[in-house]
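Peer 1: Below you will find the structure I want to go over with you.
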Amino acid sequence: MTTIEDWKGRVGAEWADKADALDTLLGPSGEAAMRALGPLEGRRVLDLGCGAGATAFALARAAGPRGEVAGVDVSPPLLERARRRLAERPMPDAAPLRFVLADAARWRPDDGAPFDALYSRCGAMFFDDPPAAWAHLRSLTAPGAPLAIACWRGPELNLWASLPLRACADLLAPAPPPAPGAPGPFAWADPARVVPVLEGAGWREVAFTPFDHEVAPELGDDPDPAARAADFAMRIGPLASRLAGAPADLRAEAARRLRAAMAAHLREGAVRLPASAWIVTARA
Numbered sequence: 366m367t368t369i370e371d372w373k374g375r376v377g378a379e380w381a382d383k384a385d386a387l388d389t390l391l392g393p394s395g396e397a398a399m400r401a402l403g404p405l406e407g408r409r410v411l412d413l414g415c416g417a418g419a420t421a422f423a424l425a426r427a428a429g430p431r432g433e434v435a436g437v438d439v440s441p442p443l444l445e446r447a448r449r450r451l452a453e454r455p456m457p458d459a460a461p462l463r464f465v466l467a468d469a470a471r472w473r474p475d476d477g478a479p480f481d482a483l484y485s486r487c488g489a490m491f492f493d494d495p496p497a498a499w500a501h502l503r504s505l506t507a508p509g510a511p512l513a514i515a516c517w518r519g520p521e522l523n524l525w526a527s528l529p530l531r532a533c534a535d536l537l538a539p540a541p542p543p544a545p546g547a548p549g550p551f552a553w554a555d556p557a558r559v560v561p562v563l564e565g566a567g568w569r570e571v572a573f574t575p576f577d578h579e580v581a582p583e584l585g586d587d588p589d590p591a592a593r594a595a596d597f598a599m600r601i602g603p604l605a606s607r608l609a610g611a612p613a614d615l616r617a618e619a620a621r622r623l624r625a626a627m628a629a630h631l632r633e634g635a636v637r638l639p640a641s642a643w644i645v646t647a648r649a
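See below:
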């Protein structure tokens, strides 16, 4: 289970350090969710769980100079990376963009003005109290404002997450299954659990649309793409959490197994793994 406290600490720091690789992993579903928002020109947009800023930058470009974008996240390391990226690549023709360190379940903008759209790329699944959080977020949006969220379907449909765990299963102590709906990357995998939460919080026209695609996750500069994919799995995702603090010999064996498992999915010079997301849409 990944919690808000994890994002403030180890997980947030790791994701900030690997932001470019994670943008590659999350990019396709995030772009699909952004398209689902519709036109954003001149709109005031909230980016929930904005992370290292890539989605906030895209929203700001879509909203244009007459719009406004607020990227909210609980992770100091991720927001530090977002602000550094913004300083390195100013966007003169985009909407004014600000990054806010806050828990979106409680945060309110200083001016109290409502948002015209709410977006999230894999940042919606970590609230400790989802009904209260989504009721609060509904209160921040204008009537009729669109909501679009990219989130993962089940791990069995996402080989980038499930393959590493299977390859190393006998190396790891058994882990109890997470409680249904517990905060984490797959907390929104079951629409039957999420739809009542959103509808109970005042969101209308809630819909879950599957988005199937492929990802090529990799880290490092090893010439072997299978080794780069193995490195990614050891540093990002469910297996990385299980390996945190593991002894060096166990990590070495995990790396060997992962390299072999990833090599089986090598195609056109990259390891390509099936992935599946939900694009969740609704209106305030």
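My numbering applies: residue 366 is where the sequence shown begins, and numbers increase by one.
C-beta atoms are modelled at their ideal positions from N, C-alpha and C, and glycine is treated no differently.
A quick note: this is a predicted structure, and the numbers were derived from the prediction, not measured.
Based on Cα-Cα distance, which residue from Leu451, Asp596, Gly488 lies nearest to Arg621?
Peer 2: Asp596
Peer 1: Please go through the same chain and pick out, in chain order, the residues whose beta-carbon is closer than 7 Å to the beta-carbon of Leu631, but skip the five residues on each side of it.
Peer 2: Pro590, Ala591
Peer 1: Using the Cβ count rule (16 or more neighbours within 10 Å means buried), how would you classify Asp438?
Peer 2: buried
Peer 1: Going by DSSP, what residue range makes up the beta strand (DSSP E) through Leu483?
Peer 2: 482-486
Peer 1: By Cβ distance, which residues of its chain are closer than 6 Å to Leu444, with the 5 residues on each side in sequence left out?
Peer 2: Asp438, Phe464, Leu466
Peer 1: From the DSSP output, read off the bridge partner residues of Val465.
Peer 2: Answer by DSSP bridge pairing, in chain order: Val437.
Peer 1: Less than 7 Å between C-beta atoms, sequence neighbours within five positions excluded: which residues of the same chain meet that for Pro474?
Peer 2: Ala435
Peer 1: Determine the closest residue to Leu604 out of Ala619, Ala513, Pro495, with distance taken between C-alpha atoms.
Peer 2: With distances taken between Cα atoms, Leu604 lies closest to Ala619.
Peer 1: Just reading off the alpha helix (DSSP H) that Ile369 is part of, what are its end residues?
Peer 2: 369-373
Peer 1: Taking Gly407 as the reference, which of Ala417, Thr420, Glu396, Leu424 has the closest Cα?
Peer 2: Leu424
Peer 1: Considering just the uninterrupted stretch of the alpha helix (DSSP H) at His501, what are its terminal residues?
Peer 2: 495-504
Peer 1: Apart from the five residues on each side of it in sequence, which residues of its chain come closer than 7 Å, Cβ to Cβ, to Ser440?
Peer 2: Trp372, Lys373, Gly377
Peer 1: So what does DSSP say about Ala619, is it helix, strand or coil?
Peer 2: helix
Peer 1: Just to confirm the assignment, what range does the alpha helix (DSSP H) spanning Phe573 have?
Peer 2: Counted as a single uninterrupted DSSP element, the stretch harbouring Phe573 is not any alpha helix (DSSP H) but the beta strand (DSSP E) occupying residues 569-580.
Peer 1: Are the beta-carbon atoms belonging to Asp458 and Arg409 less than 9 Å from one another?
Peer 2: It is not a contact, given that the beta carbons lie outside the stated cut-off.
Peer 1: Can you give me the C-alpha to C-alpha distance between Gly418 and Ala513, rounded to a whole angstrom?
Peer 2: When the Cα atoms are used, Gly418 and Ala513 turn out to be separated by approximately 17 Å.
Peer 1: From Ala427, Ala626, Ala647, Leu462, pick the residue whose C-alpha is nearest to that of Glu570; which is it?
Peer 2: Ala647
Peer 1: Candidates Asp577, Leu402, Gly567: which alpha carbon is nearest Asn523's?
Peer 2: The candidate whose alpha carbon is nearest that of Asn523 is Asp577.
Peer 1: How long is the line joining the alpha carbons of Gly608 and Pro508, rounded to whole angstroms?
Peer 2: It is worth fixing the name first, because residue 608 is Leu in this sequence and not Gly. If you take the alpha carbons of Leu608 and Pro508, they lie about 45 Å apart.
Peer 1: Name the two residues that bound the continuous alpha helix (DSSP H) containing Asp388.
Peer 2: 384-402
Peer 1: How would you call Ala572, buried or exposed, if buried means at least 16 neighbouring beta carbons within 10 angstroms?
Peer 2: exposed
Peer 1: Can you check which of these residues, Ala598, Asp614, Gly602, is closest to Lys636 by C-alpha distance?
Peer 2: Looking at the sequence provided, one finds Val at residue 636 rather than Lys. Val636 has its Cα closest to that of Ala598, out of Ala598, Asp614, Gly602.
Peer 1: Would you mind stating whether Leu483 and Leu413 have Cβ atoms separated by less than 9 Å?
Peer 2: yes
Peer 1: Excluding sequence positions up to five away, which residues of its chain have a Cβ less than 6 Å from the Cβ of Leu671?
Peer 2: The first residue shown for the chain is 366 and the last is 649, placing residue 671 beyond what the model contains.
Peer 1: Could you check which residue in Ala640, Arg486, Ala510 has the C-alpha nearest to that of Thr420?
Peer 2: Arg486
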